[in-house]
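Undergrad:
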Amino acid sequence: MNFAVLVSGNGSNLQAIIEAEKAKRINAKLVLVVSDRQEAYALVRARNAGIPEVFINPKDFPDRASFDKAVLAKLKESSVDFVVLAGFMRILTTAFIEAFPNKIINIHPSLLPAFKGAHAIKDAFHYGVKVTGVTVHLVDEKVDNGEIIAQEAVGILPEDTLQTLETKIHAVEHKLYPEIISLFAQGKLKIGRRHERP
Ligand code: GRF
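Counting in this note's numbering, the sequence shown runs from 9 upward without gaps.
(1) Beta carbon of I64, beta carbon of A78: below 7 Å?
(2) May I ask which residues mark the beginning and end of the alpha helix (DSSP H) holding Q171?
(3) For the alpha helix (DSSP H) that E160 lies in, which residues bound it at each end?
(4) If you reduce the DSSP assignment to three classes, tell me which class A12 lands in.
(5) Checking 7 Å against the spacing of the C-beta atoms, do T101 and D76 come in under that value?
(6) How would you call A73, buried or exposed, if buried means at least 16 neighbouring beta carbons within 10 angstroms?
(7) Sorted by chain position, which residues of the same chain lie with C-beta nearer than 7 Å to E29's C-beta, five sequence neighbours on each side aside?
(8) With the cut-off set at 7 Å, would you say A193 and A36 are in Cβ contact?
(9) Assuming I25 and P186 are in contact, meaning their beta carbons sit under 8 Å apart, how far apart are those beta carbons, in whole angstroms?
(10) For F75, name the three-state secondary structure that DSSP assigns.
(11) Whole angstroms is fine: what's the gap from H182's alpha carbon to D89's?
(12) Over the uninterrupted alpha helix (DSSP H) stretch that includes T102, give me the two end residues.
(13) The alpha helix (DSSP H) spanning V52 covers which residue range?
(14) Rounded to whole angstroms, what's the CA-CA distance from L40 to E61? Just pull it up for me.
(15) Checking 7 Å against the spacing of the C-beta atoms, do A128 and P117 come in under that value?
(16) Run the proximity test for H203: is its beta-carbon closer than 6 Å to any non-hydrogen atom belonging to ligand 1?
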């Protein structure tokens, strides 16, 4: 199975994935890294690891649909079987999601559905919850909404600061995501179990 990672920023999750793949802890091949931001450090990480990377500039396209089409074309060129989002800061269009049905996953730094959005760690910390964590989920058209695949809790202790909490959450992300990607690639996860309430 071939997969691509879509990024926008630092790429610490990408780094964890690269290292896990090298150590043969991921039973699939990372064939392409796509960024929507030229300055994303994730692109440097991919380059350093010898993984093909491409920056696709959203400003070159009139709308989201045509940007997504350009990304899709790159993924098809690289024979990608599934897509991993790792700090990718864009909402995908329906056409993109339909091109990879149940084959796009994302990681989010909270126990969804709590604390959706771009500031989940900070929001959980300031809310004062005692437990937060990490969620890996399928991607749909809504933000941080798709079916949950895996979750791991992280306790917030009285002595935690926002910084120590961030460190703990990222450490869990970097362990959990490669594990789940590997299981996902091998078809070992049960998907399609979310039921609508009557
Ligand atoms: C991670 O916390 C991830 O959960 C969220 O965005 C952050 C990306 O960090 N979706 P990095 O770019 O992998 O370092």
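Glycine included, each C-beta is placed from N, C-alpha and C at the ideal position.
Owing to the predicted nature of the structure, the values given are computational and were not obtained by experimental measurement.
TA: According to the structure data:
(1) Along the sequence shown, read from residue 1 onward, the residue named residue 64 stands at position 56. Along the sequence shown, read from residue 1 onward, the residue named residue 78 stands at position 70. When the beta-carbon positions are compared, I64 and A78 come within less than 7 Å of each other.
(2) Locating residue 171 in the sequence shown gives position 163, where the first residue counts as 1. Judged by DSSP secondary structure, Q171 falls within the alpha helix (DSSP H) whose first and last residues are L170 to A193.
(3) The count along the sequence shown starts at 1 and reaches residue 160 at position 152. For E160, no alpha helix (DSSP H) run applies; the uninterrupted beta strand (DSSP E) run containing it begins and ends at I156 to G163, by DSSP.
(4) Taking the first residue of the sequence shown as position 1, residue 12 is located at position 4. Strand.
(5) For the purposes of this step, residue 101 is taken as the residue at position 93 of the sequence shown. For the purposes of this step, residue 76 is taken as the residue at position 68 of the sequence shown. Between T101 and D76, the C-beta gap is smaller than 7 Å, which places the two residues in contact.
(6) Within the sequence shown, the letter at position 65 stands for residue 73. A residue is called buried once 16 or more other Cβ atoms fall within 10 Å of its Cβ, and A73, having fewer, is exposed.
(7) In the sequence shown, counting from the first residue as 1, residue 29 sits at position 21. Excluding sequence positions up to five before and after E29, its CB lies within less than 7 Å of the CB of L38, all in the same chain and listed in chain order.
(8) On the sequence shown, residue 193 is found 185 positions in, with the first residue counted as 1. On the sequence shown, residue 36 is found 28 positions in, with the first residue counted as 1. Cβ atoms of A193 and A36: closer than 7 Å.
(9) Stepping through the sequence shown from its first residue, residue 25 is reached at position 17. Stepping through the sequence shown from its first residue, residue 186 is reached at position 178. At roughly 6 Å, the Cβ-Cβ gap stays under 8 Å, so I25 and P186 are in contact.
(10) Within the sequence shown, numbered from 1, the residue matching residue 75 stands at position 67. Here F75 sits in helix by DSSP.
(11) In the sequence shown, counting from the first residue as 1, residue 182 sits at position 174. In the sequence shown, counting from the first residue as 1, residue 89 sits at position 81. Answer to the nearest angstrom: the Cα atoms are 22 Å apart.
(12) Against the sequence shown, residue 102 aligns to sequence position 94. First-last of the alpha helix (DSSP H) with T102: T102 to A107.
(13) As a working note, residue 52 is residue 44 in the sequence shown. Y49 to N56 is the span of the alpha helix (DSSP H), which, as asked, contains V52.
(14) Locating residue 40 in the sequence shown gives position 32, counting from the first residue. Locating residue 61 in the sequence shown gives position 53, counting from the first residue. So the alpha carbons of these two residues sit roughly 6 Å apart.
(15) The residue labelled residue 128 in the question sits at position 120 within the sequence shown. The residue labelled residue 117 in the question sits at position 109 within the sequence shown. Yes, the pair counts as a contact, with Cβ atoms nearer than the cut-off.
(16) In the sequence shown, counting from the first residue as 1, residue 203 sits at position 195. The answer is no for H203.
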